[in-house]
Amino acid sequence: MKILLTGAAGFIGFHTTKVLLDRGDEVIGLDNLNAYYDVTLKEARLAQLLPRNGFHFIKASLEDRAAIDRLFAEYKPQRVIHLAAQAGVRFSLTNPHEYLDSNIIGFLHILEGCRHNNVEHLVYASSSSVYGANTSLPFSVHQNIDHPLSLYAATKKANELMAHTYAHLYRLPVTGLRFFTVYGPWGRPDMSMFLFTDKIIKGEPIDVFNHGHHARDFTFIDDIVQGVVRATDKVATPNPAWSGDQPDPATSSAPYRLYNIGNHSPVQLMDYIACIEKAVGKTATKNMLPMQPGDVPTTFADIEDLKADIGFEPKTPIEEGVKRFVAWYRDYYRR
């Protein structure tokens with residue numbers, strides 16, 4: 005297939021592009037290489053993709069409407085995997101305009117491109133952060149998500165609403181994927197796995213928020229990618245049993261679907277740190293701190309819909325995933 009993938013130089017985008025190219029798809033990779041985190045890491049990922057047959061790179065921003073229009077008109081992708089976004093819960097507390105520009109206006113441009121160019125299926129990245137103040141575990145796509153705790157989470161919920169509108173009005177098949185704490189080789193430097201590993205190796209103290217009483221559904225990158233690719237292959241369809249009298253948030257009478265992609269096995273933060281310490285071979289100095297604004301204490305994915313509809317569930321244990329990340333980190337940074 006010919007697939008437009010946004011965020012191709014990003015963590016998930018890079019790994020997904022490799023898998024798509026390996027199976028023979030043509031990938032048009034879009035990225036603006038912004039400086040939210042180390043651009044040299046993005047360039048190193050991109051350097052592995054550029055020589056590959058079937059890969060075309062376009063440097064442009066989602067909010068550049070003319071550039072997005074040209075991209076769709078020139079390449080006519082059959083399917084779109086939209087992973088680009090302004091990421092980060094904490095960054096959204098101090099830079100809110102970045103999130104509206106990229107995650108709302110940018111997503112509108114992608115939706116319009118799909119609508120006017122007969123795209124067969126749009127798969128887009130949502131986030132477990134949409135569950136917000138919900139404390140009913142495990143988090144289910146059939147639950148209400150009306151209480152986001154950060155602007156980042158609010159923009160991701162807005163994406164789901166916008167996608168449903170286009171599915172309803174224009175019968176555009178759309179699938180939203182709520183990712184749960186993704187980690188692994190080539191991971192983002194602003195994520196805890198990278199931060200902890202980097203500081204422990206350097207002998208610097210790590211910040212442990214909520215005094216270590218967090219639990220996260222850490223999901224290894226290879227599992228995330230398999231979920232993305234399988235969801236892309238399975239075009240969203242209407243739910244014939246959907247009723248407006250008892251509306252199910254995860255499906256619709258339109259071709260609209262939502263799935264959690266998580267390891268469905270939350271790990272306590274202190275156990276997670278212990279895994280990193282073991283893989284690194286050093287004990288961390290821990291700076292215990294209170295909960296941060298916009299954060300949630302626990303995430304836990306209900307993935308029954310993913311298993312039933314896509315036929316897939318993540319399975320990489322945290323010990324194996326951490327070991328593979330630390331091995332990559334030491335190799336990449338020569339530490």
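Residue 156 in the numbering used here sits at position 152 of the sequence shown, and the numbers go up by one each step.
C-beta: ideal position from N, C-alpha, C; glycine also.
As the structure is a prediction and not an experimental result, all values here were calculated from the model.
The closest CA to that of Val84, considering only Gly33, Ser256, Val330, is found on Gly33.
Under the criterion of beta carbons closer than 8 angstroms, Tyr263 and Ala240 do not qualify as touching, at roughly 10 angstroms.
Rounded to whole angstroms, the separation of the alpha carbons of Lys206 and Thr223 is 25 angstroms. Inclusion of Ile314 and Gly231 in the CB contact set at 9 angstroms is warranted, their separation being smaller than that value. DSSP lists Ala305 as the bridge partner or partners of Phe143. Annotated three-state conformation of Thr159 is helix, per DSSP. Taking a contact to require three or more Cβ pairs closer than 8 angstroms, the segment 138-155 and the segment 247-261 qualify as touching.
Positions of the beta strand (DSSP E) runs, each at least 3 residues long and wholly inside the segment 162-245, are given as 178-183, 210-212 in order along the chain. Boundaries of the alpha helix (DSSP H) around Ser96: 93-98. Residue pairing from DSSP places Val127 in a beta bridge opposite Ile85, Thr179. Take the alpha-carbon of Val31 and the one of Ala157: they are about 28 angstroms apart.
Look at Arg328 here: in three-state DSSP terms it is helix.
Taking 9 angstroms as the cut-off, the Cβ atoms of Phe184 and Asn267 count as close.
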